[in-house]
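Numbering (the working numbering), first residue to last: 102 to 281. Here is the structure we will look at.
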Amino acid sequence: MSTITLVTGGAASGKTRWAINYFATCDNVLYIHTGEKLSEDIRRRIEFNNNKNDIMWDILDDVKEPASLIKDHKFFIFDGLVSYTKNVITKSCEDVTNISYEKKKEIEAKIIADVQGMMQDVEKLKGDMVIITVETGFSITPDDSYQAALREIVGTVNQRIANIAQEVYLSTSGIQFKIK
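In structure tokens:
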């Protein structure tokens with residue numbers, strides 16, 4: 102049985118630490134980081150757990166197309182939805198300051214389809230996946246049009262993924278609360 106888990110919360114709220122601990126004793130983990138470079142703190146935490154538990158994870162940075170990576174592992178950490186959304190926006194839209202409603206919906210649909218595809222691939226492998234995202238519902242609407250569009254798109258994507266994930270956790274101040 103596969104479990105797809107979404108963990109959401111504010112910046113630096115403990116989401117990544119929790120995801121790493123979720124698989125701390127598991128071998129055959131693929132850490133998919135869609136941002137440019139994984140922080141040294143996170144990399145060291147993973148290496149510490151790997152050495153302590155005599156396991157080895159595969160860590161990929163700056164991943165632009167994560168869907169193609171769900172194949173040779175049992176466990177996956179997808180870190181995360183916000184940086185992946187930024188990548189898709191950058192690739193899909195030349196002028197985000199004037200992004201249309203239709204373009205936002207197109208971007209949302211692509212991201213949701215990609216993540217759903219990854220989830221289905223994990224389920225076929227009978228694996229587990231943790232998806233990390235930032236909770237946009239706690240913030241005010243930014244004045245910057247790019248940040249406002251990003252917040253709106255991520256908020257919609259988060260809702261959809263939370264609805265189809267088997268488990269959802271809210272992370273705040275390093276404490277995770279199961280909300281689904």
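Every residue, glycine too, gets a C-beta built ideally from N, C-alpha and C.
Measuring C-alpha to C-alpha distances from residue 225 to each of 269, 110, 171 identifies 171 as the nearest. Note on the stretch 193–239: whole beta strand (DSSP E) runs with a minimum of 3 residues are 229–233, in chain order. Considering only 150, 110, 146, 137, the residue with the shortest C-alpha distance to residue 127 is 150. Linking residue 206 to residue 158 through their CA atoms gives a straight-line distance of about 35 Å.
Just so you know, the alpha carbons of residue 138 and residue 216 end up roughly 21 Å apart. Fewer than three beta-carbon pairs drawn from the stretch 259–274 and the stretch 159–170 are found closer than 8 Å, and the two stretches are therefore not classed as touching.
Taking a contact as a CB-CB distance under 8 Å, the pair residue 208 and residue 120 does not count as one, their CB atoms being some 25 Å apart. Around the beta-carbon of residue 236, 16 or more other beta-carbon atoms lie within 10 Å, marking it buried.
Contact check for residue 258 against residue 182 passes: the beta carbons are separated by less than 8 Å. In the three-state reduction of the DSSP assignment, residue 254 falls in the helix class. The criterion of a C-beta distance shorter than 8 Å is satisfied by residue 110 and residue 273. Inclusion of residue 103 and residue 269 in the CB contact set at 8 Å is not warranted, their separation being larger than that value.
Rounded to the nearest angstrom, the Cβ distance from residue 228 to residue 176 is 6 Å, consistent with a contact under 8 Å.
By the Cβ neighbour-count rule, residue 248 is exposed, with fewer than 16 other Cβ atoms within 10 Å of its own. For residue 105, the closest C-alpha among the options 114, 165, 124 is that of 124. Just so you know, the alpha carbons of residue 147 and residue 197 end up roughly 35 Å apart. Assignment of beta strand (DSSP E) within the stretch 105–154, counting only whole runs of 3 or more residues, yields 130–134 in chain order.
Under the 10 Å beta carbon count, residue 185 is surrounded by 16 or more other beta carbons and is classified as buried.
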